[in-house]
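Going by UniProt numbering, the letters in the sequence shown line up with residues 1 to 135, in that order. Note that CB positions come from ideal geometry on N, CA and C, so glycine has one too. First up is the structure itself, then whatever we jot down about it.
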Amino acid sequence: MSMFGGKEVFLFSKVSGYLTYENKPASHITLRRLVECDGENYEDTIETNSDGFFSLEALTKKERAILPKEFVSHQKLIAEYEGKEFLIWETVKRSEEENAELEGKTLDFKCELTDDTRFIHMMLHSIGTNCTWNN
């Protein structure tokens, strides 16, 4: 790491997957990614394809802090379908490495919008989600 260039930290790792509504592809719906880190807010949106597939590249920033500090990145994924919002992912990422959200596993989801939110407890954080992924 260069003292002036900083190091790249992952606010939200690359995420992709399929959205369904009542077990049918949730095609052409809006998916919003919301992130808050160090008092800065980030938001981007995409639309699922006809199969309900989505993909968001990793959201990163250059960290130029000289002294160590605690890393905290608040993450949300919200699907908007037929005038309703469905919170499909919410967590507080506590480690700046790529794929730290799932302790090294890629964020490759299958999400049924009508499923209830469940809570998954990891080593450093908990996740509220209605998505599944491969262990």
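query	result
If you reduce the DSSP assignment to three classes, tell me which class L59 lands in.	strand
For E8, which residues in the same chain have their Cβ closer than 8 Å to its Cβ, ignoring the five residues on either side in sequence?	T60, K61, K62 and E63
Please indicate yes or no: does the CB of R94 lie closer than 7 Å to some heavy atom of the ligand PLP?	Annotation note on the ligand PLP: not contained in the displayed structure, which lists no ligands.
Could you say if the segment 10-28 and the segment 95-112 meet the contact criterion of at least three C-beta pairs nearer than 8 Å?	yes
Tell me which same chain residues have a C-beta within less than 6 Å of the C-beta of E57, skipping the five on either side of it?	K14
Do the segment 115-126 and the segment 30-42 make contact, defined as three or more Cβ pairs closer than 8 Å?	no
Going by DSSP, name the residue or residues bridged to H121.	S126
Could you tell me whether the Cβ atoms of E101 and T117 are closer together than 8 Å?	no
Look at the alpha carbon of S73 and the alpha carbon of K84, and state the distance between them as a whole number of angstroms.	25 Å
Of the choices K76, R94, I120 and A65, whose alpha-carbon is the least far from that of N41?	K76
Tell me which residues share the same chain as M122 and place their Cβ nearer than 7 Å to its Cβ, disregarding the 5 neighbours each side in the sequence.	E103
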